[in-house]
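*Asks:*
Number of protein chains: 2
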Amino acid sequence: MQNHPARLNRRKRDGGELTRDEIRDFVTGVVDGSLGDAQLGAFLMAVCCNGMTPTETVELTLAMRDSGRVLRHDAVPRAKVDKHSTGGVGDKVSLLLAPLVAAAGVAVPMISGRGLGHTGGTIDKLAAIPGYRTDLSCERFQQVLQECGYAMAGASAEIAPADRRMYSTRDVTGTVESIPLITASILSKKLAEGIDGLVMDVKAGRAAFMQREEDAVALMESIVAVGRAAGVKVAALLTDMDHPLGRGLGNALEVTEILQALDGDCPDDLREVTLALGAEMLLLAGVATDLPAARATLEQLWRDGVVKQCFRHNLEVQGGDPRVLDDASLLGRAPHVVAIKAARPGFVADVDPLELGHVIVDLGGGRRQPTDAVDPHVGVVLAKTLGEAITTGEALAFVHARTAAAAAAASKRVAAAMPIGDKRRRRGALVKRRMA
Amino acid sequence: MQNHPARLNRRKRDGGELTRDEIRDFVTGVVDGSLGDAQLGAFLMAVCCNGMTPTETVELTLAMRDSGRVLRHDAVPRAKVDKHSTGGVGDKVSLLLAPLVAAAGVAVPMISGRGLGHTGGTIDKLAAIPGYRTDLSCERFQQVLQECGYAMAGASAEIAPADRRMYSTRDVTGTVESIPLITASILSKKLAEGIDGLVMDVKAGRAAFMQREEDAVALMESIVAVGRAAGVKVAALLTDMDHPLGRGLGNALEVTEILQALDGDCPDDLREVTLALGAEMLLLAGVATDLPAARATLEQLWRDGVVKQCFRHNLEVQGGDPRVLDDASLLGRAPHVVAIKAARPGFVADVDPLELGHVIVDLGGGRRQPTDAVDPHVGVVLAKTLGEAITTGEALAFVHARTAAAAAAASKRVAAAMPIGDKRRRRGALVKRRMA
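Residue numbers (the working numbering), protein chains in the order written: chain S, 1 to 436; chain D, 1001 to 1436.
(1) Would you say GLY1087 of chain D faces chain S, with C-beta separation under 9 Å as the test?
(2) For VAL431 of chain S and ILE1179 of chain D, I'd like the C-alpha separation in whole angstroms.
(3) Please confirm if MET1220 of chain D has its CB atom under 9 Å from at least one CB of chain S.
(4) The alpha helix (DSSP H) that contains PHE1026 of chain D, what's its start and end?
(5) Select from D:LEU1354, D:ALA1389 and D:LEU1181 the residue whose C-alpha is nearest the C-alpha of VAL1414 of chain D.
(6) Give every residue of the same chain whose Cβ lies closer than 6 Å to the Cβ of VAL1234 of chain D, excluding the five residues on either side of it in the sequence, and list them in chain order.
(7) Which two residues bound the contiguous beta strand (DSSP E) that contains THR1239 of chain D?
(8) Give a yes or no on whether the minimum CB-CB distance between VAL172 of chain S and chain D is below 9 Å.
(9) Tell me which residues share the same chain as ALA1162 of chain D and place their Cβ nearer than 6 Å to its Cβ, disregarding the 5 neighbours each side in the sequence.
(10) With PRO267 of chain S as the anchor, note down where its beta strand (DSSP E) starts and where it stops.
(11) So THR169 of chain S contacts chain D; which residues on that side make the cut at Cβ distance below 7 Å?
(12) Is it the case that the Cβ atoms of LEU40 of chain S and ALA1046 of chain D are separated by a distance below 9 Å?
(13) Let me check one thing: in DSSP terms, what residues is HIS400 of chain S bridge-paired to?
(14) Ignore the nearest five residues each way along the sequence and tell me which others in GLU134 of chain S's own chain have a CB closer than 8 Å to its CB.
(15) So, with DSSP's three-state summary, where would you put SER1411 of chain D?
(16) Using the Cβ count rule (16 or more neighbours within 10 Å means buried), how would you classify ALA279 of chain S?
(17) Note down, one range per segment and in chain order, each beta strand (DSSP E) of at least 3 residues found wholly within the segment 1065-1117 of chain D.
(18) Name the chain S residues that come within less than 9 Å of SER1007 of chain D, Cβ to Cβ?
(19) So, do the segment 255-263 of chain S and the segment 323-341 of chain S have three or more beta carbon pairs nearer to each other than 8 Å?
(20) Is THR1169 of chain D near THR1061 of chain D, with beta carbons less than 9 Å apart?
(21) Is the shortest distance between the beta-carbon of MET1001 of chain D and the beta-carbons of chain S less than 9 Å?
(22) Would LEU282 of chain S pass as a contact of VAL106 of chain S if the rule is Cβ separation under 9 Å?
(23) Take ARG1072 of chain D and list the residues in its own chain whose beta-carbon comes closer than 6 Å to its own, dropping the five residues that flank it on each side.
(24) Tell me the rounded alpha-carbon separation between ASP1375 of chain D and VAL1287 of chain D.
(25) What residues in its chain sit with their C-beta under 7 Å from that of GLU1022 of chain D, if we drop five residues either side in the sequence?
(26) Compute the distance between the beta-carbons of VAL348 of chain S and GLU316 of chain S, then report whether it is under 9 Å.
(27) At which residues does the alpha helix (DSSP H) containing VAL1172 of chain D begin and terminate?
(28) DSSP puts THR1297 of chain D in a beta bridge; with which residues?
(29) LEU1044 of chain D to ALA1409 of chain D, Cα distance in whole Å?
(30) Using the Cα positions of GLY393 of chain S and ILE340 of chain S, report the straight-line distance between them to the nearest angstrom.
(31) When the Cα atoms are used, what is the spatial distance from MET1001 of chain D to GLU177 of chain S?
(32) Between GLY1121 of chain D and chain S, is any beta-carbon pair separated by less than 9 Å?
(33) What did DSSP end up calling ARG10 of chain S once you bin it into helix, strand or coil?
(34) Does any C-beta atom of chain D lie closer than 9 Å to the C-beta of ALA208 of chain S?
(35) Just to confirm my understanding: we take GLY365 of chain S, look at its own chain, exclude 5 residues before and 5 after, and list those with CB closer than 7 Å. What are they?
(36) Looking at the C-beta of PHE1141 of chain D, does it have a partner C-beta in chain S at a distance below 9 Å?
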């Protein structure tokens, strides 16, 4: 009476373990449409409720990877290593990390996503650079990788199409928060990039996908285990997202911060997380023997301008205007820039990244819906950050807005998100845990 | 970011209890289509995995009842009581029970389903009577009830439309087996009939929806509790479906058995289950003070021909040819009737109802898919039943088939489903448990 998907769903509903063939059939049905929406929704919920064994998660990941094109970069002799982050506010690490690691002799084939909700996306940040193109064909992506040592592209319909349908279905059915489904979603796409190694940046904190550290640790463990079972070297860092990363928040403002960082003017937290992730990538690639050596190599390349040179080369190859490296004003600027001034002296007692992320969305710098357009110029620049001293009337932050009304509304919220207190509060460790 | 249904799904996924308003919103979304298939599938699976509290089940039942028209029979002064069965093989009880109870002064507004799989449906059996119409409008249904004391109709799109979509979605998503969902599905439709009381026949055994007695008991308990909370008097019997009920299996063959039963020629098991359910209905309706008295009343009415008169009246009013009461051959007959003869002497050691149900489907007498047409004339008549003595060459059963080939194939299977042994095996209790 009941069809095959119903049988599969009943098995998962009753806590059974699915076989490799059953999981492959399921993923085939996701892609060719023979699996109905109701069946997919029910399956995802059964996995949320009853979990998946490590073996099932590996099989799901591999089947999703194989649902589309799996890249191979045989023409690139270097080790290929990528980084993936679960996302946060102000997380522009990829833009700096890719040229940094490429400069050290590691190939970085980086396929990134767009922002959704309070979390920014690398593709949106890159889109703020005039002319820069991330809509690369698989062939062009490989050419750029070979030529520059790194390539930055947006998700393609050719890569892991099963994830595309599963992800959008999870979003509307309340089945996002499942470690096996998150693991398979992330790794299926990353494995299809043709990488030898992956460093995972799992963020925990108020503005992270995983607010609670124990959930973030569970995801780290799952990704490391499944990635390794799938034949890729994996390391993972648990990093802080209880505060924003860096000072520029909003697409063009974050690119500006990266351009400054390439010249050595980089906020400590951004530098620290970038170097920690980069050192892991060098280790995985086998181009460094230990973390301190890897880190020293990266710092040297950064200081000597090799990283900036690598960034410039990629910019030229991917169509971006290289003049932005010398003149960030070419990125453009929102018409209304308003300073938020401190109403009292003291220390910045908090910087709420979730509220700031929502402010940026409301300014037009992020998406409520996947189809929303993004304004590249709006956002917030933190003049002061957590624990810094401030005097009355001094600038706390700057709001970049499209209209005066939007600037005024955002300013109030930013001021509330950055209270000033009497005691100097210090940020906790940025890298809280490591698995490698 | 996430919409309302996703939030509801997450709550149920995480084991939370939904409010009355949330459940009403959900059911509204089921009916108006604003809830997508994926969201519905995920919700149903979350309920399968995490259950529902009694309060949630009551609210779901009431919201589903209120998703369509709720009948009121104010013009009928009698108490309105119906019976519902979870279904089985040879279960033609409704055809006899409705006139029996109506004859005793209880109004029986009976809306029934069609058969699916090995389980027969009352509507298909009634369709075997030439001219008999069950596609009554709500208005006509009420008229027939007033005129005859009972009315038999098929499910209408106006009654509990939410259940229609939920039921078909459950079928394809592997979310059928959930006590709260089964309870709400059954009761929402029955409560919309405008009844004061309901007797539930929950069958347990090989050919029952619930094979295991503990599952059947859990369903009884749920239906009794939820039905009462919804303001209806409820009694429930747990009856045996480890063997077929009666001797006629297949639509017209079952009607023939009913016509004989009206004249007093009724198999013991069919008589026993019908009287047990009927007595409960009289008690719920308040027209009898105890079960033995109720039973005596029913037996008297049956013996005196009042039940047959009541059946005849309804037959005339609902368009059926009343001449079938005197000449069952007017029901028609399959062209190939083959006797299965005993290969050895002994006693009938088993009558496997599940296999016989599948044989009937394969003969064309049931549905594999909801859209399948049903052949009214095919089926099996048991010449001997469990525990009865048989001699070599004596008829064990008769197969009624459309073709000689179908008859031959069915005969082999029926013979295998009715082995002959040396020891007389007796059937266990027909009514195994009562809740009232």
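We treat Cβ as the ideally placed atom computed from N, Cα and C, and that holds for glycine.
*Replies:* In short, the structure shows the following:
(1) Taking the first residue of the second sequence as position 1, residue 1087 of chain D is located at position 87. Cβ-Cβ to chain S under 9 Å: no for GLY1087 of chain D.
(2) Counting from one through the first sequence, the residue named residue 431 of chain S turns up at place 431. Counting from one through the second sequence, the residue named residue 1179 of chain D turns up at place 179. Whole-angstrom Cα-Cα distance: 48 Å.
(3) If you number the second sequence from 1, residue 1220 of chain D lands on position 220. Not an interface residue.
(4) As a first step, residue 1026 of chain D is located in the second sequence; it is residue number 26 there, counting from the start. PHE1026 of chain D -> alpha helix (DSSP H) spans 1020-1032.
(5) Sequence index remark: in the second sequence, residue 1414 of chain D carries index 414 (1-based). Considering only alpha carbons, the answer is D:LEU1354.
(6) Along the second sequence, read from residue 1 onward, the residue named residue 1234 of chain D stands at position 234. Correct list, in chain order: LEU1198, VAL1224, GLY1227 and ARG1228.
(7) Start at 1 with the first residue of the second sequence, and residue 1239 of chain D comes out as number 239. Element bounds for THR1239 of chain D: 1233-1240.
(8) The residue labelled residue 172 of chain S in the question sits at position 172 within the first sequence. Chain D contact via Cβ: present.
(9) Residue mapping note: residue 1162 of chain D aligns to position 162 of the second sequence, counting from 1. Taking C-beta separations shorter than 6 Å and ignoring five residues to either side along the sequence, the partners of ALA1162 of chain D in its chain run VAL1027, VAL1030, VAL1031, MET1064 and SER1067, following chain order.
(10) Residue mapping note: residue 267 of chain S aligns to position 267 of the first sequence, counting from 1. Segment: none, PRO267 of chain S is in no beta strand (DSSP E) and carries neither H nor E.
(11) Indexing the first sequence from 1 puts residue 169 of chain S at position 169. By Cβ distance, chain D contributes ALA1038.
(12) Within the first sequence, the letter at position 40 stands for residue 40 of chain S. Within the second sequence, the letter at position 46 stands for residue 1046 of chain D. Going by beta carbons, LEU40 of chain S and ALA1046 of chain D fall outside the 9 Å limit.
(13) By 1-based counting over the first sequence, the position of residue 400 of chain S is 400. Answer is S:VAL337 and S:GLY379, bridged to HIS400 of chain S.
(14) Taking the first sequence and counting its residues from 1, the one referred to as residue 134 of chain S is at position 134. A quick correction: the sequence has Thr, not Glu, at residue 134 of chain S. So the list reads SER112, ILE123, LEU126, ALA127, MET152, ALA153, GLY154 and GLN318, once near-sequence residues are dropped.
(15) Counting from one through the second sequence, the residue named residue 1411 of chain D turns up at place 411. The answer is helix: DSSP assigns SER1411 of chain D an H, G or I state.
(16) To locate residue 279 of chain S, count along the first sequence from 1; it is residue 279. ALA279 of chain S comes out buried.
(17) 1081-1085 and 1108-1112
(18) Locating residue 1007 of chain D in the second sequence gives position 7, counting from the first residue. The sequence given here has Arg at residue 1007 of chain D, not Ser. The answer, in chain order, is GLY174.
(19) yes
(20) If you number the second sequence from 1, residue 1169 of chain D lands on position 169. If you number the second sequence from 1, residue 1061 of chain D lands on position 61. No, the Cβ-Cβ distance between THR1169 of chain D and THR1061 of chain D is not below 9 Å.
(21) Here the question's residue 1001 of chain D lines up with position 1 in the second sequence. Unreliable positioning characterises MET1001 of chain D in this predicted model, as indicated by a pLDDT of 35, which lies under 50. A coordinate reading is not provided.
(22) As a position in the first sequence, residue 282 of chain S is number 282, starting the count at 1. As a position in the first sequence, residue 106 of chain S is number 106, starting the count at 1. Against a cut-off of 9 Å, the Cβ pair of VAL106 of chain S and LEU282 of chain S comes out as a contact.
(23) On the second sequence, position 72 is the one that residue 1072 of chain D refers to. Taken in chain order, the residues that qualify are GLY1194.
(24) Translated into the one-based positions of the second sequence, residue 1375 of chain D becomes position 375. Translated into the one-based positions of the second sequence, residue 1287 of chain D becomes position 287. Each residue's CA atom was taken as its position, placing ASP1375 of chain D and VAL1287 of chain D some 40 Å apart.
(25) As a first step, residue 1022 of chain D is located in the second sequence; it is residue number 22 there, counting from the start. Here the set comprises LEU1008.
(26) Taking the first residue of the first sequence as position 1, residue 348 of chain S is located at position 348. Taking the first residue of the first sequence as position 1, residue 316 of chain S is located at position 316. In this structure, VAL348 of chain S lies away from GLU316 of chain S, with their beta-carbon atoms at least 9 Å apart.
(27) Stepping through the second sequence from its first residue, residue 1172 of chain D is reached at position 172. Counting along the chain, the alpha helix (DSSP H) containing VAL1172 of chain D begins and ends at 1161-1173.
(28) Start at 1 with the first residue of the second sequence, and residue 1297 of chain D comes out as number 297. THR1297 of chain D is not bridged to any residue.
(29) For this step, residue 1044 of chain D is matched to residue 44 along the second sequence. For this step, residue 1409 of chain D is matched to residue 409 along the second sequence. Taking the straight line from one Cα to the other gives about 40 Å.
(30) The residue labelled residue 393 of chain S in the question sits at position 393 within the first sequence. The residue labelled residue 340 of chain S in the question sits at position 340 within the first sequence. The straight-line gap separating the alpha-carbon atoms of GLY393 of chain S and ILE340 of chain S is approximately 9 Å.
(31) Your numbering for residue 1001 of chain D matches position 1 in the second sequence. Your numbering for residue 177 of chain S matches position 177 in the first sequence. Residue placement at MET1001 of chain D is flagged as unreliable, the pLDDT there being 35, under the threshold of 50; the coordinate-derived value follows with that caveat. Going by the C-alpha atoms only, they are around 14 Å apart.
(32) Within the second sequence, numbered from 1, the residue matching residue 1121 of chain D stands at position 121. So no, GLY1121 of chain D is outside the interface.
(33) Position 10 of the first sequence, counted from the first residue, corresponds to residue 10 of chain S. In the structure shown, ARG10 of chain S sits in a helix (DSSP, three-state: H, G or I).
(34) Counting from one through the first sequence, the residue named residue 208 of chain S turns up at place 208. It does not: the Cβ of ALA208 of chain S has no partner Cβ on chain D nearer than 9 Å.
(35) Along the first sequence, one-based indexing puts residue 365 of chain S at 365. Its chain contains GLY250, ASN251, VAL374, ASP375, VAL378 and GLY379 as the residues whose beta carbon lies nearer than 7 Å to that of GLY365 of chain S, once the 5 sequence neighbours on both sides are disregarded; these appear in chain order.
(36) The residue given as residue 1141 of chain D occupies position 141 in the second sequence. No, PHE1141 of chain D does not count as interfacial toward chain S.
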